[in-house]
Amino acid sequence: MAIFTPVLSEDDYKNAQKKFADLVTDNGGEIVNQDAWGLRSLAYPIGKKTTGLYYVLEYRATTEFNAKLEVQLNRDENVIRHMVTRLDKFSVKYNGRKRNNSPVTSA
Numbered sequence: 045m046a047i048f049t050p051v052l053s054e055d056d057y058k059n060a061q062k063k064f065a066d067l068v069t070d071n072g073g074e075i076v077n078q079d080a081w082g083l084r085s086l087a088y089p090i091g092k093k094t095t096g097l098y099y100v101l102e103y104r105a106t107t108e109f110n111a112k113l114e115v116q117l118n119r120d121e122n123v124i125r126h127m128v129t130r131l132d133k134f135s136v137k138y139n140g141r142k143r144n145n146s147p148v149t150s151a
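In terms of my numbering, the sequence shown opens at residue 45 and continues consecutively.
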């Protein structure tokens, strides 16, 4: 998940999304799902900003790639916060069922 500064234009926001999606594919990763949440309120102000443009990217890649992604997220001045999380097999299965509108039951 990345939160971009809210002052980005729609085109800049889409270009930033494409930049990180391309980074995944260029390094041998596979994009599972992309979800641009758009403008949302922040839980607390960050750099005097109370809103941000949220972007969630679910991907499969090697563990070494996460370090490269973190470096790029830290270098990008449009990213005000980011979080990289590893999903376990149950979370991956849950997300897949949720995307396909299958009933999500605990088993």
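Beta carbons are placed, not taken as given, at the ideal position from N, Cα and C, and that holds for glycine.
Own chain residues within Cβ distance below 8 Å of residue i, not counting five before or after
{"i": "I124", "result": "I47, F48, T49, I90, G91, K93 and G96"}
{"i": "G72", "result": "A105, T106 and F109"}
{"i": "R143", "result": "N77"}
Nearest-angstrom Cα separation, counted from residue j out to residue i
{"i": "N59", "j": "Y98", "result": "14 Å"}
{"i": "T69", "j": "Y88", "result": "33 Å"}
{"i": "A111", "j": "D132", "result": "19 Å"}
{"i": "D56", "j": "N122", "result": "10 Å"}
{"i": "D79", "j": "S53", "result": "18 Å"}
{"i": "F134", "j": "R141", "result": "11 Å"}
{"i": "L83", "j": "N139", "result": "22 Å"}
{"i": "I63", "j": "R130", "result": "Before going further, note that residue 63 is Lys rather than Ile in the sequence given. Roughly 21 Å between the two C-alpha positions."}
Residue range of the unbroken alpha helix (DSSP H) whose run includes residue i
{"i": "L113", "result": "T107 to R119"}
{"i": "N59", "result": "E54 to D70"}
{"i": "G158", "result": "Past the boundaries of the shown model lies residue 158; the chain is included only from 45 to 151, so the question cannot be answered."}
Own chain partners of residue i with C-beta closer than 6 Å, once the 5 adjacent residues on each side are dropped
{"i": "H126", "result": "A46 and L117"}
{"i": "Y81", "result": "According to the sequence displayed, residue 81 carries Trp and not Tyr. For W81, where only same-chain residues beyond five positions count, the Cβ hits under 6 Å are Y98."}
7 Å Cβ shell around residue i - same chain, five flanking residues per side excluded
{"i": "E114", "result": "V128"}
{"i": "A65", "result": "I75, Q78 and L101"}
Coarse secondary structure for residue i, derived from DSSP in three states
{"i": "G82", "result": "strand"}
{"i": "A151", "result": "Because the pLDDT of A151 is 49, which lies under 50, any placement of that residue in the model is unreliable, and the number read from its coordinates should be weighed accordingly. The answer is coil: DSSP assigns A151 none of H, G, I, E or B."}
{"i": "V51", "result": "coil"}
{"i": "M45", "result": "coil"}
First through last residue of the beta strand (DSSP E) which encompasses residue i
{"i": "R125", "result": "V123 to H126"}
{"i": "G96", "result": "K93 to R104"}
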